[in-house]
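Have a look at the structure below before the remarks.
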Amino acid sequence: MKKVVPLVICVDMYRQLSDTDHLDLMAVLGCDCFDVRGIVLDQMRRTKNVTYDGVDYIRFFLKMAGREDIPVYPGVKEPMRSRTDFDRDDEPGISFLRQTMADTPGLTILNWASLADTVIAWHGADEAARQNVESICASLGWFDNRHYTDGAPARLQDDCNVDYDPIAFTEALTCGMPLLWYPVGYAAWLFEGQQYLAGRPEPMARWLSRELYHYHLCREYAYRPKGGSLYAYATMQPDCVIEPQVIEDAGADLMQIDREDIASRPIRMWETGGFYYLACQARNEPAPGVEVNRYRVTYSWQGKHPHLNEITESPDGIPVIRNGDMQSLRTFLLDCLGRFFRTL
């Protein structure tokens with residue numbers, strides 16, 4: 081028997097570098113197993129390279145999706161300074177998370193960013209609220225020891241979302257929260273996102289197709305047209321669109337880009353396998369190709385970064401998700417996206 085899982089999503093979905101969160105969020109909204117209660121914008125990236133309010137961008141996205149009923153809150157503005165830095169009651173995202181934990185039995189938190197907001201909210205919640213949280217599915221960090229070199233310890237920090245707040249990440253490994261870890265080394269798979277969107281008539285599909293085109297244009301080609309950076313121009317406003325004339329006016333060098341190559345590039349998906357596994361659980365169905373094993377992870381600090389010491393299989397360890405069957409992920413994603421567009 082299928083159940084509907086109440087969700088909160090913590091995400092750093094800014095226009096800059098957000099090449100997959102859009103599609104994964106569409107899929108979650110289109111999945112009949114999930115009830116999204118709210119979104120918390122992780123702001124750790126804002127301190128690095130983001131120049132505008134990402135909350136407005138997510139609200140713009142939800143307006144296009146016809147889901148203005150979903151509230152959006154800004155998360156904490158600074159990473160944890162110590163393992164006891166939990167006094168953030170005045171932060172809107174933290175207050176929302178703690179209240180939702182208290183009010184929502186069976187809550188699942190999808191964490192597609194750093195773990196700062198989730199860890200801080202967890203530590204400020206009482207035991208009854210914590211008992212309401214069924215799962216915290218986090219997509220970040222490397223799991224295996226493939227970075228070992230000449231006996232040197234591997235870094236758990238090789239993912240940017242860990243790097244944004246390494247204290248929050250290591251605290252999540254040890255504080256007893258119901259973590260379902262989906263390491264990025266096991267998560268990544270390629271999806272023909274632009275080709276899928278190009279064949280759809282919906283205005284939102286056309287808008288997102290342009291977003292992905294701009295992403296490749298600005299990030300991978302890194303062109304800087306006359307009068308400033310196209311990268312910056314593309315991120316001024318949530319609904320800002322770079323029209324062809326703007327690209328032509330940017331300079332002759334920009335016209336050397338192979339537009340067909342950009343349009344055909346697949347995008348790397350990071351989060352799909354985590355909520356695919358959760359959806360299969362909600363439907364009481366197997367998740368083909370997905371392995372879940374429990375491991376105890378120990379680490380040590382070297383400077384400001386956590387380093388992997390040992391990974392040991394253990395029945396009381398942290399459950400770790402590993403992808404296997406990419407075709408099952410693709411079929412699931414296409415089904416959810418189809419449902420999403422049918423609701424527009």
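Per the working numbering, the sequence shown starts with residue 81, numbered consecutively. Virtual Cβ for every residue (Gly too), placed ideally from N, Cα, C. Quantities reported herein were computed from a predicted structural model and do not represent experimental measurements.
Along the region 116 to 160, the beta strand (DSSP E) occurs as fully enclosed runs of 3 or more residues at 152 to 154, listed in sequence order. A straight line joining the alpha-carbon of Arg410 with that of Phe271 spans about 7 Å. Burial is judged here by how many other beta carbons sit within 10 angstroms of a residue's own beta carbon; Gly134 has at least 16 and is buried. It is roughly 8 Å from the alpha-carbon of Ala285 to the alpha-carbon of Phe421. Taking a 10 Å sphere around the C-beta of Glu393, we find fewer than 16 other C-beta atoms and assign the residue as exposed.
In the same chain as Leu424, and ignoring 5 residues on each side of it, the C-beta atoms closer than 8 Å to its own belong to Ala145, Gly146, Glu282, Met284, in chain order. With 16 or more other Cβ atoms from the protein chains shown falling within 10 Å of its own Cβ, Val91 counts as buried. At a Cβ-Cβ threshold of 7 Å, Phe114 and Val85 count as neighbours.
Note on geometry: alpha-carbon atoms of Gln179 and Trp222 lie some 31 Å from one another. Within the model, the alpha-carbon separation for Asp167 versus Leu417 is close to 39 Å. DSSP lists Val400 as the beta-bridge partner residues of Asn373. Between Ile401 and Val377, the gap from beta carbon to beta carbon reaches 7 Å or more. For Ser289, the CB contacts under 8 Å within the same chain, skipping 5 residues up- and downstream, are Gln274, Leu277, Ala278 in chain order. Assignment of Tyr379 by DSSP, reduced to helix, strand and coil, places it in the strand class. When DSSP states are grouped into helix, strand and coil, Ala182 belongs to the helix group. At least 7 Å separates the beta-carbon of Ala268 from that of Arg210.
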